[in-house]
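Numbers 45 to 114, taken from this note's numbering, label the letters of the sequence shown in order. Beta carbons: idealized from backbone N, C-alpha and C, even for Gly. Here is the structure we will look at, set down as structure tokens.
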Amino acid sequence: MTNYLNVLNVLTKTSYIYFTSNKSSILELLQWIEYNYDVETPFTGATKIVKQVSSTPTSSYQDIMIYKSI
């Protein structure tokens, strides 16, 4: 978790491209923080692109790209 938070600290107030997937809970955590504490996160105002990926015929996940230009 510390590594995720350190990366997010770097993203603050800069342009970036960030890759993750729905297997990670970092987006859910930041949405919870933003909602419950009424604070902006590094992803506030960013653009999110989601691509459904099938790793097997019965299993899939979402690749997520988030970017922000300042």
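Taking the alpha-carbon of residue i as reference, which of the options has the nearest alpha-carbon?
i           : options           : result
residue 114 : 61, 79 and 65     : 61
residue 108 : 90, 86, 73 and 63 : 63
residue 86  : 46, 47, 45 and 58 : 58
residue 70  : 111, 81 and 51    : 51
residue 68  : 91, 48, 54 and 90 : 48
residue 56  : 84, 72 and 98     : 84
Do you know how far the Cα of residue j is from the Cα of residue i?
i           : j           : result
residue 46  : residue 100 : 31 Å
residue 104 : residue 93  : 16 Å
residue 79  : residue 89  : 14 Å
residue 53  : residue 81  : 17 Å
residue 73  : residue 112 : 19 Å
Using a Cβ-Cβ cut-off of 7 Å (strictly less than) and excluding sequence neighbours within five positions of residue i, which residues of its own chain qualify?
i          : result
residue 96 : 104 and 106
residue 65 : 105, 106, 107 and 108
Rounded C-beta distance between residue i and residue j? I'm assuming under 8 Å.
i           : j          : result
residue 110 : residue 91 : 7 Å
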